[in-house]
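What follows is one structure encoded as structure tokens, with my remarks underneath.
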Amino acid sequence: MHPAYSVIFLTTLIGVGQGLFLALFTGQIYSLARLVPQQDSTHFYAYGSALALGFLVLGLLASFFHLGRPERAWRSATKWRTSWLAREVIVLPLVMGLIALYGLAHWMGFTKPFFTISNVLPVDLTLLIGLAATGATFLLFICTGMIYASIRFIREWATPLTILNFTFMGGASGFVLATLFSLFKAPDLIKMFGYWAIILTFFALVLRLASLWRNARGTPKSTIQSAIGVRHPKIIQKSTGAMGGSFNTKEFNSGSTPKRIRQAKWSFILLVFVLPLILMAIALSWHSAPLLALSFLIQMAGLIIERWTFFADATHPQNLYYQSM
Amino acid sequence: MTQLALVIDLNTCVGCSACVTSCKEWNTSGEAGPMTDMMPYGEDPHGTFFNRVQSFEVGTYPNTQMVHFPKSCLHCEEPPCVPVCPTGASYKREEDGIVLVDYDKCIGCKYCSWACPYGAREIDEKQKVMKKCTLCVDRIYDQTLPETERQPACVLACPADARIFGDVHDPDSEVSVLIREQGGYALMPEWGTKPANHYLPRRKIEMHIHADELERADNPLDKEDLKIDDKDITSVDGFGGW
């Protein structure tokens, strides 16, 4: 498939935003459980939410470049009963709205508990909004993943691993950013975020390797024989019905060589997982802001290559009809 | 329920692309138009087509066959492109089973083209909306046209009569009889999309001549024990000498 930068940036940027919010809310839960000290609402949660929101807004902006007719984008929420894309179009603004409310509630200091469960768990407005936003965030990961996983014709995508990969890579990058953010805003939480970032990056690595392993195996369901209905082992295409290419030869073509895709796979394994794991481990023991920033930037660059490979590596059965020019 | 569709006879298709040009001509000036061509005289000419003829060489020389293969939207009975559309621009008509795109609702996200295993959809680079074969929906119901012309443009243009249009749900229609009796098949049946368009395979007509057809076993001359000197006469039935 053709790797479109609009979608690459959409999925990576909202992933960071979602992950960062999940990290913030994890911080709140931890402080509720008194595992970490209470953080300042404005400086930590409100600014953190604003940062997460910023990434989500950037992702949403990038998505508009994918549309031929962006002025009609509002229509794309109508078929949510059948289309995962429509579901994402609804859930993305929902997540943004809830995270904005979460940040706002912290900003305004609405942290006075409404009631206390069993005398240990004070329930305030931020906790309720945070819970709703967490649910919506996971729903968004599912929607984004299902857009690809539901296309059963592209066997590289049609697996639950797609959703897990989106979730874990988004989560990992969000927690890495949260570690960097907490260095400035909440030094007590560095260890907690840092360890979670390492755990999530590790699981993301395992899951991504699993999907690479899966996609390297198995055979496509369709063959040139079933595509044109001629039962003969040797069929060679002599013309595609277009002299200079067409939408079909562009949209479904990675525009890259197998060698380049193989290099990209090794690059992202190194940049998204291996290097950040090493850098994070060092940065956590040194409390080094530049190293944390470096891990985040390297991981983001790697994620863009990862998403590029996700598209470039996917093969579509329609290519059976466009094998040679 | 009606399901309009095309039956394409690969046995008679000669790959002349008359269906391609007539389709483009009719639809670019019709309701589905314009079907924009980008840089038609440039180095990399490309444009929107609803129908393309591709050619495949089957076998190894000298046992080769060139199969000309016209491909357009198959108007699937379970169209995978329809449910994925986020706006409802892509839809299948209840009354005649034609899969259409509402160009006023399409946002050009290309998601439907990903969900079509046949590559039947193409984005129009000028209008930035997804386009595909409409089975000439603006022709086939046009009461101002003579009844014989109420057919898709490609069908009317085909000089080899390789394209037949009709209702594949009516068991007695010409297309249904052809599919049933001439081995009509669907493309990529493994996906369960149930394409309405069907293809008729290459069929070789072979004549089997047995020895007793050349030499009449019941030749009355043999019965009457008449000897005719027909050594120099070449004829199939032995009557040539009379």
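Residue numbers (my numbering), protein chains in the order written: chain E, 1073 to 1397; chain U, 92 to 333.
Think of the CB as a built atom: it goes at the ideal place given N, C-alpha and C, for glycine as much as any other residue.
Suppose you measure from the CA of E/Leu1347 to the CA of U/Val190; what does that come to, to the nearest Å? Counting from one through the first sequence, the residue named residue 1347 of chain E turns up at place 275. Counting from one through the second sequence, the residue named residue 190 of chain U turns up at place 99. Using only the alpha carbons, I get a separation of about 50 Å.
Ignoring anything shorter than 4 residues or poking outside the segment 116-195 of chain U, list the alpha helix (DSSP H) runs there in chain order. Counting only unbroken stretches of 4 or more residues, the alpha helix (DSSP H) elements lying wholly within the segment 116-195 of chain U are 172-175, in sequence order.
Going by DSSP, name the residue or residues bridged to E/Tyr1220. By 1-based counting over the first sequence, the position of residue 1220 of chain E is 148. E/Tyr1220 pairs with nothing; no bridge assigned.
From the beta carbon of U/Ser108, is the nearest beta carbon of chain C less than 9 Å away? Any reference to chain C falls outside this structure, whose protein chains are E and U.
Alpha helix (DSSP H) containing E/Leu1251: first to last residue? Taking the first residue of the first sequence as position 1, residue 1251 of chain E is located at position 179. The sequence given here has Thr at residue 1251 of chain E, not Leu. Here the alpha helix (DSSP H) through E/Thr1251 covers 1232-1257.
Cβ-Cβ distance between E/Ala1124 and E/Leu1107 below 9 Å: Position 52 of the first sequence, counted from the first residue, corresponds to residue 1124 of chain E. Position 35 of the first sequence, counted from the first residue, corresponds to residue 1107 of chain E. Their beta carbons are not under 9 Å apart, which means E/Ala1124 does not touch E/Leu1107 by this criterion.
According to the neighbour-count rule (16 or more other Cβ atoms, all chains shown, within 10 Å of its Cβ), is E/Leu1193 buried or exposed? Residue mapping note: residue 1193 of chain E aligns to position 121 of the first sequence, counting from 1. Flag for E/Leu1193 reads exposed.
Could you tell me the distance, in whole angstroms, from the CA atom of U/Pro54 to the CA atom of E/Thr1321? Any question about residue 54 of chain U goes unanswered here, given that chain U covers just 92 to 333.
At a CB distance below 9 Å, what residues from the segment 135-148 of chain U approach chain E? Give them in sequence order. Listed by position, the residues of the segment 135-148 of chain U near chain E (Cβ gap below 9 Å) are Asp135, Pro136, His137, Gly138, Thr139, Phe140, Asn142, Arg143, Val144, Gln145, Ser146, Phe147, Glu148.
Using DSSP's beta-bridge definition, name the partner residues of E/Leu1193. If you number the first sequence from 1, residue 1193 of chain E lands on position 121. DSSP, once it has assigned bridges, lists E/Ile1189 as partnering E/Leu1193.
Among U/Phe141, U/His137, U/Ala96, U/Pro131, the one whose alpha carbon lies nearest that of U/Trp117: What you label residue 117 of chain U is simply residue 26 of the second sequence in a count that begins at 1. Per the Cα distances, U/Phe141.
Provide the residue span of the alpha helix (DSSP H) that contains U/Ile198, from first to last. Residue 198 of chain U sits at position 107 when you count from the first residue of the second sequence. Looking at the DSSP string, U/Ile198 is not in any alpha helix (DSSP H), and its letter there is neither H nor E.
Closest Cα partner of E/Ala1149 within the set U/Ile198, U/His299, U/Lys295, U/Tyr194: Along the first sequence, read from residue 1 onward, the residue named residue 1149 of chain E stands at position 77. Nearest C-alpha to E/Ala1149 among U/Ile198, U/His299, U/Lys295, U/Tyr194: U/Ile198.
When the Cα atoms are used, what is the spatial distance from E/Asn1391 to E/Leu1343? Along the first sequence, read from residue 1 onward, the residue named residue 1391 of chain E stands at position 319. Along the first sequence, read from residue 1 onward, the residue named residue 1343 of chain E stands at position 271. Taking the straight line from one Cα to the other gives about 31 Å.
Under 8 Å from the C-beta of U/Phe213: neighbouring residues of chain E: Stepping through the second sequence from its first residue, residue 213 of chain U is reached at position 122. Correcting the residue type first, residue 213 of chain U is Glu in the shown sequence and not Phe. Going along chain E in sequence order, the residues near U/Glu213 (Cβ under 8 Å) are Ser1318, Phe1319, Asn1320.
With DSSP run on the structure shown, which of helix, strand or coil describes E/Tyr1174? Stepping through the first sequence from its first residue, residue 1174 of chain E is reached at position 102. Note: E/Tyr1174 maps to helix in three-state DSSP.
For the beta strand (DSSP E) that U/Arg254 lies in, which residues bound it at each end? Position 163 of the second sequence holds residue 254 of chain U. From DSSP, the beta strand (DSSP E) with U/Arg254 extends over 254-258.
is_contact[E/Met1073, chain U] using C-beta, thresh 9 Å: One-based indexing of the first sequence puts residue 1073 of chain E at position 1. It does: the Cβ of E/Met1073 has a partner Cβ on chain U nearer than 9 Å.
What is the rounded straight-line gap between the Cα of U/Arg212 and the Cα of U/Lys223? Counting from one through the second sequence, the residue named residue 212 of chain U turns up at place 121. Counting from one through the second sequence, the residue named residue 223 of chain U turns up at place 132. U/Arg212 and U/Lys223: Cα-Cα distance of roughly 5 Å.
If you measure from the beta carbon of U/Arg293 to each beta carbon in chain E, is any gap under 9 Å? On the second sequence, position 202 is the one that residue 293 of chain U refers to. The Cβ of U/Arg293 sits closer than 9 Å to at least one Cβ of chain E.
Span of the beta strand (DSSP E) holding U/Leu97? Numbered from its first residue, the second sequence carries residue 97 of chain U at position 6. Run containing U/Leu97: 95-100, per the beta strand (DSSP E) assignment.
Helix, strand or coil at E/Gln1110 according to DSSP, with G and I counted as helix: Sequence index remark: in the first sequence, residue 1110 of chain E carries index 38 (1-based). Here E/Gln1110 sits in coil by DSSP.
Taking the alpha-carbon of E/Ile1341 as reference, which of E/Thr1312, E/Ala1386, E/Leu1284, E/Leu1130 has the nearest alpha-carbon? Sequence index remark: in the first sequence, residue 1341 of chain E carries index 269 (1-based). Residue nearest to E/Ile1341 within the set E/Thr1312, E/Ala1386, E/Leu1284, E/Leu1130 is E/Leu1284 (criterion: CA-CA distance).
How would you list, in chain order, the residues of chain E whose beta-carbon sits under 7 Å from the beta-carbon of U/Val259? Mapped onto the second sequence, residue 259 of chain U falls at position 168. Per Cβ cutoff of 7 Å: no residues; U/Val259 is ~16 Å from chain E at best.
Pick from E/Gln1090, E/Cys1215, E/Thr1291 that is closest to E/Trp1152, judged by C-alpha positions: As a working note, residue 1152 of chain E is residue 80 in the first sequence. Ranking the options by Cα distance to E/Trp1152, first place goes to E/Cys1215.
What residue range is occupied by the uninterrupted beta strand (DSSP E) comprising E/Tyr1308? Within the first sequence, residue 1308 of chain E is the residue found at index 236, counting from 1. Reading the sequence as shown, one finds Ile at residue 1308 of chain E and not Tyr. Following the DSSP letters along the chain, one finds E/Ile1308 inside the beta strand (DSSP E) bounded by residues 1307-1311.
Less than 8 Å between the CB atoms is what I'm expecting for E/Asn1201 and E/Gly1131, so what's the real figure, rounded? Along the first sequence, one-based indexing puts residue 1201 of chain E at 129. Along the first sequence, one-based indexing puts residue 1131 of chain E at 59. The question names Asn, but residue 1201 of chain E is Ile in the sequence shown. E/Ile1201 to E/Gly1131, Cβ: 21 Å. No contact.
Could you run through the segment 1074-1104 of chain E and flag, in chain order, every residue whose CB is less than 9 Å away from some CB of chain U? So the list reads Ala1076, given in the order they occur along the chain.
Can at least three beta-carbon pairs, one atom from the segment 1170-1178 of chain E and one from the segment 1111-1128 of chain E, be found at a separation below 8 Å? In short, these stretches touch, since the Cβ pair count reaches three.
Looking at chain E, which residues of the segment 102-126 of chain U have a Cβ within less than 9 Å of any of its Cβ atoms? If the cut-off is 9 Å between Cβ atoms, the segment 102-126 of chain U has Gly106, Ser108, Val111 near chain E.
Would you kindly work out how many angstroms separate the C-alpha atoms of U/Asn41 and E/Lys1306, rounded to a whole number? Coverage of chain U is limited to positions 92 through 333, which leaves residue 41 of chain U absent and any answer about it impossible.
Taking the alpha helix (DSSP H) that E/Leu1403 falls in, what are its first and last residues? This structure cannot speak to residue 1403 of chain E, because chain E is shown only from 1073 to 1397.
Grab the span of the beta strand (DSSP E) containing E/Leu1082 for me, first residue to last. Along the first sequence, read from residue 1 onward, the residue named residue 1082 of chain E stands at position 10. The continuous stretches of beta strand (DSSP E) do not include E/Leu1082, which lies in the alpha helix (DSSP H) extending over residues 1077-1104.
Between the alpha carbons of U/Ala96 and U/Tyr290, how many angstroms are there, rounded? Here residue 96 of chain U refers to the residue found at position 5 of the second sequence. Here residue 290 of chain U refers to the residue found at position 199 of the second sequence. The alpha-carbon atoms of U/Ala96 and U/Tyr290 are separated by roughly 11 Å.
If I follow the unbroken beta strand (DSSP E) through U/Tyr290, where does it start and stop? Within the second sequence, numbered from 1, the residue matching residue 290 of chain U stands at position 199. Here the beta strand (DSSP E) through U/Tyr290 covers 289-291.
Run down chain E in chain order and give the residues with a C-beta less than 7 Å from the C-beta of U/Lys201. The sequence position of residue 201 of chain U within the second sequence is 110, counting from 1. Chain E residues near U/Lys201: Glu1323.
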